[in-house]
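A.B. asks:
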DNA sequence: CAGGAATAGTCATATCATTGAGTACCCTTC
DNA sequence: GAAGGGTACTCAATGATATGACTATTCCTG
């Protein structure tokens with residue numbers, strides 16, 4: 013019952029089609045929720061049947077037609093109800109951490125390789141978040157933007173995503189270096 | 013297919029029953045994987061049938077009997093194979109972030125309350141991780157421990173958990189203070 | 001001695017998520 | 001003109017996860 017609220021939260025920013033949502037959920041919004049296109053199309057169908065979003069057909073000539081969705085007042089009420097009930101902390105489930113947990117009893121080489129690769133990915137995401145943050149705040153300073161803008165939600169979740177990826181990067185680099193120093197790997 | 017590897021990784025540290033595992037997965041090991049008892053019992057059954065762990069019955073008189081499990085050589089090989097294939101970054105799915113994403117269009121009061129509550133929970137987890145880290149490294153310094161111990165996996169995942177919760181706490185506090193300043197809430 | 005917490009599990013179900021395949025059309029590039 | 005990529009979406013099957021209820025015994029507290 014939570015993907016539905018993530019979809020509603022994203023649709024607050026404007027009309028989107030399932031296809032557009034899929035792109036958002038795959039990259040930018042991956043800082044607070046992730047979903048594959050099939051999930052989104054299914055959820056949009058359910059949300060529309062429940063009256064929480066409204067869709068309108070857009071006829072296109074140079075490409076397939078699409079349906080754009082907006083949040084209805086009932087959808088906004090649903091979001092408000094969602095925000096009013098206490099939420100549980102999400103559970104962490106990260107394969108790479110499982111590998112590190114077991115690394116003392118395994119060949120460290122592939123784990124080190126994955127840590128170094130992950131550090132690069134995390135660094136790229138930090139830069140992506142930085143670009144998104146700059147774009148969201150325009151030419152205002154962060155402080156001014158956060159004090160005066162009337163749409164700071166996406167900025168705040170983006171800040172969290174940036175911090176997470178920065179920590180991820182530093183931890184991966186440190187652990188990779190440490191494991192390398194302990195058991196020198198050829199090459 | 014990943015809970016199984018988390019269970020194997022934890023069983024590297026010693027013999028545990030399903031019940032003990034459930035406690036570990038509920039608190040300490042929540043830094044890299046979370047699971048409820050029912051999942052663990054089911055997974056232990058599957059792992060034993062697959063020959064990846066071996067269980068032995070322990071008769072107890074003052075409480076119900078239990079079954080303790082250890083990783084078999086086949087289980088260790090399974091872990092090694094798991095560590096050898098590249099893993100995908102885990103997807104973030106956090107209700108509280110969804111609420112913050114939508115906060116501009118909602119009553120901020122319950123969101124602020126949840127942020128403040130979450131900051132307290134995160135602070136408590138930081139302290140829990142600090143205690144675990146101290147216990148794991150004994151009277152060695154972190155540097156010495158990480159250089160010389162032959163079991164650093166749990167320490168490293170614990171370090172990651174600590175960083176995550178620390179960031180979480182700081183972000184929650186900052187966002188709560190910001191939202192309070194923007195829309196003063198009575199009380 | 002009643003009530004509650006701790007130990008040690010099991011069963012059933014419903015929802016959620018993941019994966020793979022498939023349709024259809026347009027545009028651009030080689 | 002064939003191949004590849006982007007847009008837009010659907011279907012089906014399987015696997016993972018969450019939730020609630022249930023059994024049994026022992027220990028401790030009031």
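Chains as they are written, first to last, in the numbering used here: chain R, 13 to 199; chain W, 13 to 199.
Don't be surprised by glycine CBs; every beta carbon is placed ideally from N, CA and C.
Owing to the predicted nature of the structure, the values given are computational and were not obtained by experimental measurement.
Counting only beta-carbon separations shorter than 9 Å, does residue 32 (chain R) have a partner in chain W?
C.D. replies: Residue contact check for residue 32 (chain R) against chain W: no CB pair falls below 9 Å.
A.B. asks: What beta strand (DSSP E) runs, 3 residues minimum, are completely inside the segment 17-75 of chain R?
C.D. replies: Look at the segment 17-75 of chain R and you find these whole runs of beta strand (DSSP E), each 3 residues long or longer: 65-70.
A.B. asks: For residue 10 (chain W), does the count of other Cβ atoms within 10 angstroms reach 16, so buried, or fall short, so exposed?
C.D. replies: There is no way to answer for residue 10 (chain W), as the model of chain W reaches only from 13 to 199.
A.B. asks: When the Cα atoms are used, what is the spatial distance from residue 199 (chain W) to residue 192 (chain W)?
C.D. replies: For residue 199 (chain W), the predicted model reports a pLDDT of 48, less than 50, meaning its position is unreliable and no value from the coordinates is stated.
A.B. asks: Report the residues of the segment 113-129 of chain R with a CB closer than 8 Å to any CB of chain W, ordered along the chain.
C.D. replies: 113, 114, 115, 116, 117, 118, 119, 122, 123, 126 and 129
A.B. asks: Which same chain residues, not among the five before or five after residue 91 (chain R), have their C-beta less than 7 Å away from its C-beta?
C.D. replies: 17, 20 and 21
A.B. asks: If contact is defined by three or more beta carbon pairs under 8 Å, each pair taking one atom from either stretch, is the segment 34-51 of chain W in contact with the segment 163-178 of chain W?
C.D. replies: yes
A.B. asks: Going by DSSP, name the residue or residues bridged to residue 79 (chain R).
C.D. replies: R:69
A.B. asks: Please name the residue in W:112, W:82 and W:99 whose C-alpha comes closest to that of residue 112 (chain R).
C.D. replies: W:99
A.B. asks: Is residue 71 (chain R) near the ligand SAM, in the sense that its beta carbon is under 8 Å from a heavy atom of that ligand?
C.D. replies: This structure lacks the ligand SAM; in fact it carries no ligand of any kind.
A.B. asks: Can you check whether the C-beta of residue 94 (chain R) is within less than 9 Å of a C-beta belonging to chain W?
C.D. replies: yes
A.B. asks: Can you tell me where the alpha helix (DSSP H) with residue 93 (chain W) in it begins and where it stops?
C.D. replies: 85-96
A.B. asks: Answer yes if the segment 179-189 of chain W comes into contact with the segment 131-146 of chain W, meaning at least three C-beta pairs across the two stretches below 8 Å, and no otherwise.
C.D. replies: yes
A.B. asks: From which residue to which residue does the alpha helix (DSSP H) around residue 185 (chain R) run?
C.D. replies: 165-194
A.B. asks: Would the beta-carbon of residue 64 (chain R) fall within 9 Å of that of residue 84 (chain R)?
C.D. replies: yes
A.B. asks: Return the residues of the segment 44-55 of chain R that lie within a Cβ-Cβ distance of less than 7 Å from chain W, sorted by chain order.
C.D. replies: Within the segment 44-55 of chain R, contact with chain W at the beta-carbon level (separation under 7 Å) is assigned to 44, 45 and 46.
A.B. asks: Which residue marks the beginning of the alpha helix (DSSP H) containing residue 105 (chain W), and which one marks its end?
C.D. replies: It is not in any alpha helix (DSSP H) - residue 105 (chain W) carries neither H nor E in the DSSP assignment.
A.B. asks: With a floor of 4 residues, list each alpha helix (DSSP H) that falls wholly inside the segment 100-144 of chain W, ordered by position along the chain.
C.D. replies: Whole alpha helix (DSSP H) segments, 4+ residues: 107-113.
A.B. asks: Since I believe residue 117 (chain R) is in contact with residue 24 (chain W) (beta carbons under 8 Å), could you give me their beta-carbon distance rounded to a whole number of angstroms?
C.D. replies: 5 Å
A.B. asks: Measuring only between beta-carbons, confirm whether residue 142 (chain W) sits less than 9 Å from chain R.
C.D. replies: Contact with chain R is absent for residue 142 (chain W), since none of that chain's Cβ atoms lies less than 9 Å from the residue's Cβ.
A.B. asks: With a CB to CB cut of under 6 Å and the five nearest residues on each side skipped, what residues in its chain are close to residue 123 (chain R)?
C.D. replies: 111 and 115
A.B. asks: Anything in chain W within Cβ reach of residue 176 (chain R), meaning under 8 Å, just list it in chain order.
C.D. replies: 104, 176 and 179
A.B. asks: How would you call residue 69 (chain W), buried or exposed, if buried means at least 16 neighbouring beta carbons within 10 angstroms?
C.D. replies: exposed
A.B. asks: If we define contact as Cβ-Cβ less than 9 Å, is residue 199 (chain W) a contact residue for chain R?
C.D. replies: Caution applies to residue 199 (chain W), whose pLDDT of 48 falls short of 50 and renders its modelled position unreliable; the model cannot decide the point.
A.B. asks: Rounded to whole angstroms, what is the Cα-Cα separation between residue 161 (chain R) and residue 101 (chain W)?
C.D. replies: Cα to Cα, residue 161 (chain R) sits roughly 33 Å from residue 101 (chain W).
A.B. asks: So residue 165 (chain R) contacts chain W; which residues on that side make the cut at Cβ distance below 7 Å?
C.D. replies: 112, 113, 114, 115 and 116
A.B. asks: Using a C-beta to C-beta distance shorter than 7 Å, which residues of chain W count as neighbours of residue 158 (chain R)?
C.D. replies: 190
A.B. asks: Between the alpha carbons of residue 39 (chain W) and residue 120 (chain W), how many angstroms are there, rounded?
C.D. replies: 30 Å
A.B. asks: Tell me where the alpha helix (DSSP H) around residue 156 (chain W) begins and ends.
C.D. replies: 154-160
A.B. asks: Compute the Euclidean distance between the alpha carbons of residue 28 (chain R) and residue 188 (chain R), then round it to the nearest angstrom.
C.D. replies: The alpha-carbon of residue 28 (chain R) is positioned some 41 Å away from that of residue 188 (chain R).
A.B. asks: Determine the closest residue to residue 30 (chain W) out of W:14, W:55 and W:126, with distance taken between C-alpha atoms.
C.D. replies: Residue 30 (chain W) has its Cα closest to that of W:55, out of W:14, W:55 and W:126.
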